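Numbering (the working numbering), first residue to last: 2 to 344.
The beta-carbon is built from N, C-alpha and C at its ideal position, and this holds for glycine as well.
In this text, all values refer to a predicted model and were calculated from it rather than measured experimentally.
Contents: one structure, followed by commentary.
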Amino acid sequence: MGRPLKYIIGITAILLFVTLAAWWYWHTWPARQLASARSAVEAGDYERAESLLRPLLPNPAKDPDVPYLHAQTLRHLKRYTEAEKALVKARDCGLGDASVMRELALLLAPGDWPPEAEGILQKVARDNPDDREVVRTLAEGYARRGRWKEASRLYSRLVELQPGDADTLFQRGIARMRDSYFTLAIDDFHQVLAKVPDHFLARLYLAHSLQSEARMDEAEVELQRCRKARPELAEPLVGLANCAVEKGDLKAAEGWLNQAVSLDRTSPLVLHEVVNLHLRRARYDLAREGLEVLVNLVPNDKQVHLKLAQVYQRQGNLERASQHQRRFQELDALEDKKAQGMR
Numbered sequence: 002m003g004r005p006l007k008y009i010i011g012i013t014a015i016l017l018f019v020t021l022a023a024w025w026y027w028h029t030w031p032a033r034q035l036a037s038a039r040s041a042v043e044a045g046d047y048e049r050a051e052s053l054l055r056p057l058l059p060n061p062a063k064d065p066d067v068p069y070l071h072a073q074t075l076r077h078l079k080r081y082t083e084a085e086k087a088l089v090k091a092r093d094c095g096l097g098d099a100s101v102m103r104e105l106a107l108l109l110a111p112g113d114w115p116p117e118a119e120g121i122l123q124k125v126a127r128d129n130p131d132d133r134e135v136v137r138t139l140a141e142g143y144a145r146r147g148r149w150k151e152a153s154r155l156y157s158r159l160v161e162l163q164p165g166d167a168d169t170l171f172q173r174g175i176a177r178m179r180d181s182y183f184t185l186a187i188d189d190f191h192q193v194l195a196k197v198p199d200h201f202l203a204r205l206y207l208a209h210s211l212q213s214e215a216r217m218d219e220a221e222v223e224l225q226r227c228r229k230a231r232p233e234l235a236e237p238l239v240g241l242a243n244c245a246v247e248k249g250d251l252k253a254a255e256g257w258l259n260q261a262v263s264l265d266r267t268s269p270l271v272l273h274e275v276v277n278l279h280l281r282r283a284r285y286d287l288a289r290e291g292l293e294v295l296v297n298l299v300p301n302d303k304q305v306h307l308k309l310a311q312v313y314q315r316q317g318n319l320e321r322a323s324q325h326q327r328r329f330q331e332l333d334a335l336e337d338k339k340a341q342g343m344r
């Protein structure tokens with residue numbers, strides 16, 4: 002009887018251990034699954050994070066961590082409607098107001114947010130000055146809407162948080178250039194090129210900023226470098242033409258523009274500059290021909306309609322001049338309305 006008893010006790014111990022192990026596994030599995038999902042998010046593997054979180058979602062426990070992390074994951078996957086629903090669930094489960102506001106701002110910033118959301122974005126920016134994700138996402142959102150002053154301020158904060166980061170300096174340079182702070186933009190682009198000498202756009206925008214500051218000799222040097230780096234592009238040639246115009250050398254400007262036309266004869270940028278040169282040289286018939294091509298390429302460019310109105314008026318065609326003048330005024334009013342809605 003002794004051996005069967007020992008056998009029974011051994012089997013019972015094994016069963017008890019297996020039962021306890023299974024109990025421990027299933028009771029700690031959600032926490033381990035959540036930790037794995039969090040690690041996947043930190044690693045930028047959002048598809049894996051979403052698959053790890055999905056089995057946890059039906060859990061009736063009122064724990065905001067799962068829907069909150071799910072909201073963040075869906076936001077990174079650009080599934081914004083689903084992310085908003087997950088955030089609402091996290092809030093209903095007791096997620097703190099500060100976390101809700103932060104995530105809501107990150108959801109709003111990439112899109113065309115309504116005017117009433119402006120206060121949320123500004124509050125989150127004030128409350129999270131050291132949060133790189135918040136600062137970068139809001140900066141990108143303002144830049145996307147052409148709010149260059151706000152974008153520049155946020156990129157400056159990001160430069161403080163990430164000293165020497167070339168991409169952040171580049172984005173701040175663009176914001177400063179668009180906001181007409183050309184001297185500051187020049188400094189940013191110089192810093193970018195010191196770190197990444199073959200950064201083509203940084204060099205091209207540096208040239209544009211130098212031109213805006215009337216530093217034509219320096220701009221020409223950078224534009225020649227751009228031309229050498231990307232000989233297939235017309236934009237450096239247009240820049241060189243502008244430099245020549247500023248120096249009063251219209252013949253050289255025409256030469257650069259002829260080269261630009263040979264590279265891209267349907268580029269609005271190139272055609273605009275060709276028209277401007279014709280107007281400068283009082284070649285109104287040629288200017289009108291170029292503008293008629295442009296008005297088909299970019300029918301909502303108000304400056305094209307304004308110039309056509311002026312050319313037709315000069316040539317005595319008052320009816321066509323009036324048509325284009327009205328269209329210019331319509332587009333100008335629409336632009337003002339849009340700008341007011343973005344403030």
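Any idea what DSSP makes of residue i, helix, strand or coil?
{"i": "P65", "result": "coil"}
{"i": "R92", "result": "helix"}
{"i": "W27", "result": "Only weak support is given to the placement of W27: the predicted model assigns it a pLDDT of 46, under 50, and the question is left unresolved by the model."}
{"i": "A261", "result": "helix"}
{"i": "A283", "result": "coil"}
{"i": "K248", "result": "coil"}
{"i": "Q316", "result": "coil"}
{"i": "E331", "result": "helix"}
{"i": "A22", "result": "Low confidence applies here, because A22 scores a pLDDT of 46, under 50, leaving its location unreliable; read the following figure in that light. Reduced to three states, the DSSP call for A22 is helix."}
{"i": "H325", "result": "helix"}
{"i": "E237", "result": "Checking the sequence shown, residue 237 turns out to be Pro, not Glu. The answer is helix: DSSP assigns P237 an H, G or I state."}
{"i": "M2", "result": "Because the pLDDT at M2 is just 48, under 50, the model does not fix this residue reliably, and the value given afterwards should be weighed accordingly. Here M2 sits in coil by DSSP."}
{"i": "L278", "result": "helix"}
{"i": "G45", "result": "coil"}
{"i": "P300", "result": "coil"}
{"i": "K308", "result": "helix"}
{"i": "L78", "result": "coil"}
{"i": "S40", "result": "helix"}
{"i": "P269", "result": "helix"}
Among the candidates the options, whose CA atom is the shortest distance from the CA of residue i?
{"i": "S153", "options": "R55, G174, R133, G165", "result": "G174"}
{"i": "F183", "options": "L194, P164, S213", "result": "S213"}
{"i": "D93", "options": "Q316, D66, R226, L109", "result": "D66"}
{"i": "L35", "options": "L70, P59, P300", "result": "L70"}
{"i": "D64", "options": "L207, K90, R289, T82", "result": "K90"}
{"i": "V135", "options": "G147, M102, A118, W149", "result": "M102"}
{"i": "E219", "options": "R204, L319, Y156, P59", "result": "R204"}
{"i": "R127", "options": "P116, L251, L139", "result": "L139"}
{"i": "R33", "options": "E48, L54, E43", "result": "L54"}
{"i": "E293", "options": "R284, R282, V276", "result": "V276"}
{"i": "A186", "options": "Y156, R266, D250", "result": "Y156"}
{"i": "N129", "options": "G142, Y143, L107", "result": "L107"}
{"i": "A144", "options": "L75, R133, D180", "result": "D180"}
{"i": "Y285", "options": "Q316, L335, L295, T267", "result": "Q316"}
{"i": "Q324", "options": "A310, A334, E83", "result": "A310"}
{"i": "R281", "options": "K308, Q123, R321", "result": "K308"}
{"i": "L258", "options": "T267, G249, L241", "result": "L241"}
{"i": "D250", "options": "G291, P68, M217", "result": "M217"}
{"i": "E119", "options": "R148, D98, L96, G95", "result": "R148"}
Whole angstroms is fine: what's the gap from residue i's alpha carbon to residue j's?
{"i": "Q314", "j": "E331", "result": "19 Å"}
{"i": "D337", "j": "V305", "result": "17 Å"}
{"i": "D131", "j": "V125", "result": "11 Å"}
{"i": "A50", "j": "E255", "result": "58 Å"}
{"i": "A38", "j": "S52", "result": "8 Å"}
{"i": "W27", "j": "G45", "result": "Caution applies to W27, whose pLDDT of 46 falls short of 50 and renders its modelled position unreliable; the value that the coordinates give is listed next. C-alpha separation (whole angstroms): 27 Å."}
{"i": "A23", "j": "G112", "result": "Note that A23 scores a pLDDT of 48, beneath 50, so its modelled location is shaky; the value from the coordinates is reported in the next line. About 47 Å."}
{"i": "E151", "j": "A110", "result": "13 Å"}
{"i": "E289", "j": "A235", "result": "With the sequence shown as reference, residue 289 is identified as Arg, and Glu is not the correct amino acid for it. Whole-angstrom Cα-Cα distance: 22 Å."}
{"i": "D188", "j": "E247", "result": "23 Å"}
{"i": "R228", "j": "A261", "result": "11 Å"}
{"i": "P164", "j": "Q192", "result": "11 Å"}
{"i": "H279", "j": "L287", "result": "7 Å"}
{"i": "P269", "j": "Q225", "result": "22 Å"}
{"i": "R1", "j": "L202", "result": "Outside the displayed span of the chain (2 to 344) sits residue 1, for which this structure offers no information."}
{"i": "A87", "j": "L272", "result": "50 Å"}
{"i": "V222", "j": "E274", "result": "20 Å"}
{"i": "Q326", "j": "L298", "result": "18 Å"}
{"i": "S100", "j": "A72", "result": "11 Å"}
{"i": "V239", "j": "R137", "result": "33 Å"}
{"i": "A215", "j": "K252", "result": "20 Å"}
{"i": "M178", "j": "S210", "result": "7 Å"}
{"i": "A334", "j": "P300", "result": "16 Å"}
{"i": "A208", "j": "R146", "result": "24 Å"}
{"i": "A230", "j": "P68", "result": "49 Å"}
{"i": "L264", "j": "E233", "result": "7 Å"}
{"i": "L57", "j": "A41", "result": "15 Å"}
Q. Enumerated in chain order, which unbroken segments of the alpha helix (DSSP H) with a length of 4 residues or greater are wholly contained in the region 96–184?
A. Segments of the alpha helix (DSSP H) lying fully in the region 96–184: 98–109, 119–128, 133–145, 149–162, 167–179.
Q) Considering only residues of the region 176–230, which uninterrupted alpha helix (DSSP H) runs meet the minimum length of 4 residues and lie entirely inside it, listed in chain order? A) Listed in chain order, they are 183–196, 201–213, 217–230.
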